[in-house]
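The block underneath contains the structure these notes are about, expressed in structure tokens.
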Amino acid sequence: MLGPVENHSSPRTAAFFDLDKTVIAKSSTLTFSKSFYQGGLINRRAVLRTAYIQFVFLAGGADHEQMERMRAYLSALCKGWDVQQVRELVAETLHDLIDPIIYDEAASLIEEHHTAGRDVVIVSTSGAEVVEPIGELLGADRVVATRMVVGEDGCFTGEVEYYAYGPTKAEAIRELAEAEGYDLDRCYAYSDSATDLPMLEAVGHPYAVNPDRALRRAATARDWPVLVFNRPVRLKQRLPAFRLPPRPALVAAAAVGAAAATAGLVWYAARKRTAV
Numbered sequence: 039m040l041g042p043v044e045n046h047s048s049p050r051t052a053a054f055f056d057l058d059k060t061v062i063a064k065s066s067t068l069t070f071s072k073s074f075y076q077g078g079l080i081n082r083r084a085v086l087r088t089a090y091i092q093f094v095f096l097a098g099g100a101d102h103e104q105m106e107r108m109r110a111y112l113s114a115l116c117k118g119w120d121v122q123q124v125r126e127l128v129a130e131t132l133h134d135l136i137d138p139i140i141y142d143e144a145a146s147l148i149e150e151h152h153t154a155g156r157d158v159v160i161v162s163t164s165g166a167e168v169v170e171p172i173g174e175l176l177g178a179d180r181v182v183a184t185r186m187v188v189g190e191d192g193c194f195t196g197e198v199e200y201y202a203y204g205p206t207k208a209e210a211i212r213e214l215a216e217a218e219g220y221d222l223d224r225c226y227a228y229s230d231s232a233t234d235l236p237m238l239e240a241v242g243h244p245y246a247v248n249p250d251r252a253l254r255r256a257a258t259a260r261d262w263p264v265l266v267f268n269r270p271v272r273l274k275q276r277l278p279a280f281r282l283p284p285r286p287a288l289v290a291a292a293a294v295g296a297a298a299a300t301a302g303l304v305w306y307a308a309r310k311r312t313a314v
């Protein structure tokens with residue numbers, strides 16, 4: 039699948055992974071629609087619409103216009119949601135929904151990069167409340183994800199504070215590299231979508247994973263390796279000793295993971311506000 043992952047002790051390096059259809063087989067945000075319905079956050083009509091969006095996403099990927107429409111729809115949909123309730127719903131159903139759709143090939147790559155002394159960073163357009171617990175489940179060192187504005191009442195306002203999409207992913211990687219001392223020429227990046235071309239072009243070792251047609255053309259033109267991930271597997275199957283903590287512990291872990299990942303993005307948001 040992939041040649042030997044080289045080990046460079048100095049300077050530091052990292053492997054940047056897109057999440058949806060790269061590490062997991064579906065859209066991370068849309069996968070939780072049933073949980074949000076059962077928790078009273080959305081109605082049956084919204085469940086059906088997100089199921090349709092998931093189908094379109096899986097059938098042929100999503101171009102820029104489709105991603106923008108999806109962002110606008112999901113931003114409006116989550117307006118008024120209690121953030122703590124969202125985190126608890128994600129924590130309670132994380133293993134049931136996400137564990138079965140993690141690509142075995144991606145999990146192996148993450149292990150290889152860690153063995154080589156390389157940090158693993160998940161860079162996803164999905165919301166932080168969903169991506170951060172998934173990153174913790176995968177053993178990622180850092181997470182970059184879309185962040186929604188939270189009001190004083192602890193609920194989403196429907197506005198986007200930081201949108202991790204397209205060129206902003208590449209900007210986040212460069213600023214993270216500057217902060218952490220990563221040598222981007224020796225770093226790796228993996229994605230399935232042509233919208234992530236800026237992220238892939240920012241590193242010395244880009245890989246197209248289950249690429250959409252536009253990314254496949256770009257990868258062929260640039261002579262980038264193309265990987266096919268098609269074996270979703272539960273972590274329990276890969277790690278027989280793996281045991282799930284009790285449900286209250288999962289909720290606590292999600293809260294702690296969210297706090298840690300939030301701290302990792304504070305410097306980024308602060309720098310953007312300073313620049314403005």
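The sequence shown begins at 39 in the numbering used here and counts up one residue at a time. Ideal Cβ placement from N, Cα and C applies to all residues, glycine included.
Requested in this report: Mind checking which residues open and close the alpha helix (DSSP H) that includes residue 33?
Outcome: Because the chain spans 39 through 314 in this model, residue 33 falls outside it and cannot be assessed.
Report task. Out of 237, 159, 268, state which residue places its alpha-carbon closest to the alpha-carbon of residue 253. Result -> For the purposes of this step, residue 253 is taken as residue 215 along the sequence shown, with counting starting at 1. Closest option to residue 253, Cα to Cα, is 237.
Report task. Out of 122, 227, 250, 248, point me to the one whose CA is closest to residue 239's CA. Result -> Numbered from its first residue, the sequence shown carries residue 239 at position 201. Nearest C-alpha to residue 239: 227.
Requested in this report: Measuring alpha carbon to alpha carbon, tell me which of 134, 103, 78 ends up nearest residue 66.
Outcome: As a first step, residue 66 is located in the sequence shown; it is residue number 28 there, counting from the start. Nearest of 134, 103, 78 to residue 66, Cα basis: 134.
**Report entry** Own chain partners of residue 162 with C-beta closer than 6 Å, once the 5 adjacent residues on each side are dropped
**Finding:** Within the sequence shown, the letter at position 124 stands for residue 162. 57, 169, 183, listed in sequence order.
Requested in this report: Just tell me which of 147, 198, 132 has its CA closest to the CA of residue 114.
Outcome: Along the sequence shown, read from residue 1 onward, the residue named residue 114 stands at position 76. Measuring from the Cα of residue 114, the nearest candidate turns out to be 198.
Query - Cβ neighbours of residue 121 in the same chain (closer than 7 Å, five flanking residues each side left out) - result: One-based indexing of the sequence shown puts residue 121 at position 83. 167, 188, 192, 193, 194, listed in sequence order.
Query - Chain-order list of residues whose beta-carbon lies under 8 Å from that of residue 230 (same chain, five-residue window excluded) - result: Counting from 1 along the sequence shown, the entry for residue 230 is found at position 192. Cβ within range, chain order: 56, 58, 59, 60, 99, 246, 247, 248, 249, 250, 253.
Query raised in the report: Expressed to the nearest angstrom, what Euclidean distance is found between the alpha-carbon atoms of residue 175 and residue 267?
Result: Residue mapping note: residue 175 aligns to position 137 of the sequence shown, counting from 1. Residue mapping note: residue 267 aligns to position 229 of the sequence shown, counting from 1. Residue 175 and residue 267 have their alpha carbons spaced roughly 19 Å apart.
Query raised in the report: Are the beta-carbon atoms of residue 73 and residue 131 separated by less than 7 Å?
Result: As a first step, residue 73 must be located in the sequence shown, where it is residue number 35. As a first step, residue 131 must be located in the sequence shown, where it is residue number 93. Yes.
Report task. Tell me the start and end of each unbroken beta strand (DSSP E) in the segment 192 to 253 that is at least 3 residues and wholly inside, in chain order. Result -> Qualifying beta strand (DSSP E) stretches, in chain order: 194 to 200, 226 to 229, 243 to 247.
Query raised in the report: What residues are listed by DSSP as bridge partners for residue 184?
Result: Here residue 184 refers to the residue found at position 146 of the sequence shown. Under DSSP, residue 184 takes part in a beta bridge, and its partners are 165.
Query raised in the report: Roughly how many angstroms separate the alpha carbons of residue 211 and residue 218, rounded to a whole number?
Result: Against the sequence shown, residue 211 aligns to sequence position 173. Against the sequence shown, residue 218 aligns to sequence position 180. The alpha-carbon atoms of residue 211 and residue 218 are separated by roughly 10 Å.
Report task. Compare the beta carbon distance of residue 159 and residue 180 with 7 Å and say whether it is the shorter of the two. Result -> Along the sequence shown, one-based indexing puts residue 159 at 121. Along the sequence shown, one-based indexing puts residue 180 at 142. Their beta carbons are under 7 Å apart, which means residue 159 touches residue 180 by this criterion.
Query raised in the report: Are the CB atoms of residue 63 and residue 270 nearer to each other than 7 Å?
Result: By one-based count along the sequence shown, residue 63 stands at place 25. By one-based count along the sequence shown, residue 270 stands at place 232. If you check the CB distance, residue 63 and residue 270 come in under 7 Å.
Requested in this report: Starting from residue 53, follow the beta strand (DSSP E) in both directions and report where the run begins and ends.
Outcome: Sequence index remark: in the sequence shown, residue 53 carries index 15 (1-based). Element bounds for residue 53: 52 to 55.
Requested in this report: Taking only the alpha-carbon atoms, compute the straight-line gap between residue 259 and residue 69 and give it to the nearest angstrom.
Outcome: Taking the sequence shown and counting its residues from 1, the one referred to as residue 259 is at position 221. Taking the sequence shown and counting its residues from 1, the one referred to as residue 69 is at position 31. Straight across, the Cα-Cα distance linking residue 259 with residue 69 is about 33 Å.
Requested in this report: Would you mind reading off the limits of the alpha helix (DSSP H) that contains residue 67?
Outcome: In the sequence shown, residue 67 corresponds to position 29, counting from 1. Unbroken alpha helix (DSSP H) run through residue 67: 66 to 69.
Requested in this report: Compare the C-beta of residue 259 against all C-beta atoms of chain D and say whether one is closer than 7 Å.
Outcome: The structure shown contains no chain D, having only a single protein chain.
Query - Minimum C-alpha distance to residue 223 - residue among 77, 233, 244, 171 - result: For the purposes of this step, residue 223 is identified with residue 185 of the sequence shown, where counting begins at 1. The shortest Cα separation from residue 223 among 77, 233, 244, 171 belongs to 244.
Requested in this report: For the alpha helix (DSSP H) containing residue 271, list its first residue and its last residue.
Outcome: By 1-based counting over the sequence shown, the position of residue 271 is 233. Unbroken run through residue 271: none, as it is neither H nor E.
Report task. Grab the span of the alpha helix (DSSP H) containing residue 60 for me, first residue to last. Result -> Looking up residue 60 in the sequence shown gives position 22. Taken as a continuous stretch (DSSP letters only), residue 60 belongs to no alpha helix (DSSP H), as it is neither H nor E.
Query - Whole-angstrom C-beta distance between residue 172 and residue 136, which should lie under 8 Å - result: If you number the sequence shown from 1, residue 136 lands on position 98. If you number the sequence shown from 1, residue 172 lands on position 134. About 6 Å separates the beta carbons of residue 136 and residue 172, which is inside the 8 Å limit, making them a contact pair.
Requested in this report: Figure out for me which residue from 272, 241, 273 has the closest Cα to the Cα of residue 262.
Outcome: As a working note, residue 262 is residue 224 in the sequence shown. The option with the nearest alpha carbon to residue 262 is 241.
Requested in this report: Grab the span of the alpha helix (DSSP H) containing residue 129 for me, first residue to last.
Outcome: Here residue 129 refers to the residue found at position 91 of the sequence shown. For residue 129, the enclosing alpha helix (DSSP H) has its first and last residue at 121 to 135.
Query raised in the report: Taking the alpha-carbon positions, what's the residue 49 to residue 106 distance?
Result: Locating residue 49 in the sequence shown gives position 11, where the first residue counts as 1. Locating residue 106 in the sequence shown gives position 68, where the first residue counts as 1. So the alpha carbons of these two residues sit roughly 37 Å apart.
Query raised in the report: Is the distance from the Cβ of residue 256 to the Cβ of residue 264 below 7 Å?
Result: In the sequence shown, counting from the first residue as 1, residue 256 sits at position 218. In the sequence shown, counting from the first residue as 1, residue 264 sits at position 226. Residue 264 is positioned such that its CB atom lies no closer than 7 Å to that of residue 256.
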